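> Got a structure for you, written out below as structure tokens; questions coming shortly.
Numbering (my numbering), first residue to last: 9 to 386.
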């Protein structure tokens, strides 16, 4: 199967996979080509229909059952789950997020005020003109400023009488009246044909039901999928079994399941979420910063890469908030070490686990001094 994957920068990747391949295989090969290894779960693949509508490809289902037309199939590589830039560990991941954010600003998808544009413009100009490490810093601060915008990271759905945004913090209703529903207040979500229902708790802890009549069955399913997946990704410690195991069958599969309930024939998964935000970040740290032991001959052959490894080590021990000073403060009771003493004084919760900080103490990590010594000896 021949697929074309378009990055936010409009660079096209050519991917070849088996005829019955699933969407996950295409995403993995695309991320491998651009150098994303540990943070692939932030991304997804979109396809544009003949009417110009975009929908997320379900990565757990075969591609041939989801797309129409002839090869090559064209997909868009886009950020599906946005996170604050200090949680992004790979510069390549941060660069793609910056490129997509910049394009959304140009297209008007991300609404900004005059004051917001004045704050963002210097960082974007510097990111477009700077080189190497200065470019990375400019992209980081541009993303940090953009993450404070109201609609940042939201997926917007527009219907006849409703405009709904599904973002990192919850469900935002823009029309007919403005309302915000945090994920912690959501009781249940469901869809039946064109009708989407959301049961949530209001400020008085009473059950309220939001009903939205969508334009089509597929748009109602997309809205239901967006709310459920983002609820689990941003607010849960791990993906619930009810999400990973939910599926539907086609007619052939339904008939076959009468005789054999466990048959995979005609099975179509509803969600493709694999990990939550916390799990992606933890797995990325383990994958990127776990030391690998090797014999002397291997270390000699890999000596040209030692300089890059030490630079990554320096970045790993740099404060995740200001990206300037060394990490030297541990939070209690969670025990995470993520920032310097100056930034720790301004934080009330841990940036990693969101636990309340009861105490912060200074620690001595000799890693940075050793890395500097090693850099000078190379």
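Don't be surprised by glycine CBs; every beta carbon is placed ideally from N, CA and C.
On a predicted model such as this, the values are computed, not experimentally measured, just so you know.
Helix, strand or coil: how does DSSP classify residue 79 here?
Taking the chain shown and counting its residues from 1, one reaches residue 79 at position 71. If DSSP states are grouped into helix, strand and coil, residue 79 belongs with coil.
> Is the stretch 270 to 278 close to the stretch 57 to 70, with three or more CB pairs under 8 Å?
A contact exists between the stretch 270 to 278 and the stretch 57 to 70.
> Do residue 83 and residue 50 have their beta-carbon atoms positioned less than 7 Å apart in this structure?
Taking the chain shown and counting its residues from 1, the one referred to as residue 50 is at position 42. Taking the chain shown and counting its residues from 1, the one referred to as residue 83 is at position 75. No.
> So the candidates are 160, 130, 163 and 158; which of them puts its Cα closest to the Cα of residue 149?
Position 141 of the chain shown, counted from the start, is the residue given in the question as residue 149. Closest in C-alpha terms to residue 149, from the list 160, 130, 163 and 158, comes 130.
> If you pair each beta-carbon of the stretch 20 to 39 with each one of the stretch 114 to 124, do three or more pairs fall below 8 Å?
no
> From the DSSP output, which residues share a beta bridge with residue 218?
On the chain shown, position 210 is the one that residue 218 refers to. Paired residues: 206.
> Use the C-beta contact count for residue 242: other C-beta atoms within 10 angstroms, 16 or more gives buried, fewer gives exposed.
Here residue 242 refers to the residue found at position 234 when the chain shown is read from its first residue. When all chains shown are included, residue 242 counts as buried.
> Would you call the CB atoms of residue 100 and residue 23 closer than 7 Å?
Within the chain shown, the letter at position 92 stands for residue 100. Within the chain shown, the letter at position 15 stands for residue 23. No, they are not a contact pair.
> If you draw a straight line from the alpha carbon of residue 251 to that of residue 235, how long is it in whole angstroms?
Taking the chain shown and counting its residues from 1, the one referred to as residue 251 is at position 243. Taking the chain shown and counting its residues from 1, the one referred to as residue 235 is at position 227. One C-alpha to the other measures close to 12 Å.
> Count the other CB atoms, across all protein chains shown, that sit within 10 Å of the CB of residue 284; report buried if there are 16 or more and exposed otherwise.
One-based indexing of the chain shown puts residue 284 at position 276. Classification for residue 284: buried.
> Using CA coordinates, which residue listed in 178, 342, 187 and 256 is at the minimum distance from residue 368?
To locate residue 368, count along the chain shown from 1; it is residue 360. Closest option to residue 368, Cα to Cα, is 342.
> Who does residue 173 pair with in a DSSP beta bridge?
Walking along the chain shown from the start, residue 173 turns up at place 165. Looking at the DSSP assignment, residue 173 forms a beta bridge with 164 and 180.
> Do you know whose CA, among 38, 336, 46 and 75, lies nearest residue 55's CA?
Counting from 1 along the chain shown, the entry for residue 55 is found at position 47. Cα-wise, what sits closest to residue 55 is 75.
> So, for residue 193: in the same chain, excluding its five sequence neighbours on each side, which residues have a beta-carbon less than 6 Å away from its beta-carbon?
Numbered from 1 along the chain shown, position 185 holds the residue referred to as residue 193. Excluding residues within five positions, the ones whose Cβ falls inside 6 Å are 208 and 209.
> Between which two residues does the alpha helix (DSSP H) carrying residue 256 extend?
As a first step, residue 256 must be located in the chain shown, where it is residue number 248. Looking at the DSSP string, residue 256 is not in any alpha helix (DSSP H); the run it does join, the beta strand (DSSP E), is 255 to 257.
> If I measure Cβ to Cβ from residue 324 and keep anything under 6 Å in the same chain, skipping five residues before and after, which residues do I get?
Translated into positions along the chain shown, residue 324 becomes position 316. Contacts found: 297.
> In whole angstroms, what separates the C-alpha of residue 114 from that of residue 371?
The residue labelled residue 114 in the question sits at position 106 within the chain shown. The residue labelled residue 371 in the question sits at position 363 within the chain shown. Each residue's Cα considered, the two are about 44 Å apart.
> The beta strand (DSSP E) with residue 277 in it runs from where to where?
Within the chain shown, numbered from 1, the residue matching residue 277 stands at position 269. Note, residue 277: beta strand (DSSP E), 275 to 277.
> Straight-line CA distance for residue 350 to residue 58?
Taking the first residue of the chain shown as 1, we reach residue 350 at position 342. Taking the first residue of the chain shown as 1, we reach residue 58 at position 50. C-alpha separation (whole angstroms): 53 Å.
> Would you please state the rounded distance, in angstroms, between the beta carbons of residue 356 and residue 340? I believe it to be under 8 Å.
Here residue 356 is taken as the residue at index 348 of the chain shown, counted from 1. Here residue 340 is taken as the residue at index 332 of the chain shown, counted from 1. So it is not a contact: roughly 13 Å between Cβ atoms.
> What do you get for residue 125, buried or exposed, if any count of 16 or more other CB atoms within 10 angstroms of its CB means buried?
On the chain shown, position 117 is the one that residue 125 refers to. Counting Cβ neighbours within 10 Å, residue 125 comes out exposed, since fewer than 16 surround it.
> Is the stretch 255 to 267 close to the stretch 212 to 225, with three or more CB pairs under 8 Å?
no
> Can you tell me whether residue 169 is buried or exposed, with buried defined as 16 or more other CB within 10 angstroms of its CB?
Working through the chain shown from its first residue, we reach residue 169 at position 161. Counting Cβ neighbours within 10 Å, residue 169 comes out exposed, since fewer than 16 surround it.
> The beta strand (DSSP E) spanning residue 115 covers which residue range?
Here the question's residue 115 lines up with position 107 in the chain shown. From DSSP, residue 115 is part of no beta strand (DSSP E) but of the alpha helix (DSSP H) over 99 to 115.
> Using the beta-carbon count (16 or more within 10 Å), is residue 305 buried or exposed?
The residue labelled residue 305 in the question sits at position 297 within the chain shown. Its pLDDT being 47, under 50, residue 305 is placed unreliably by the model, and nothing is read from it.
> Could you name the residues that DSSP lists as bridge partners for residue 362?
Along the chain shown, read from residue 1 onward, the residue named residue 362 stands at position 354. Looking at the DSSP output, residue 362 shares a beta bridge with no other residue.
> Measure the alpha-carbon distance for residue 309 versus residue 189 and round it to whole angstroms.
In the chain shown, the residue the question calls residue 309 occupies position 301. In the chain shown, the residue the question calls residue 189 occupies position 181. Summary for residue 309: the model assigns pLDDT 48, below 50, so the residue's position carries little reliability, and this model does not support an answer.
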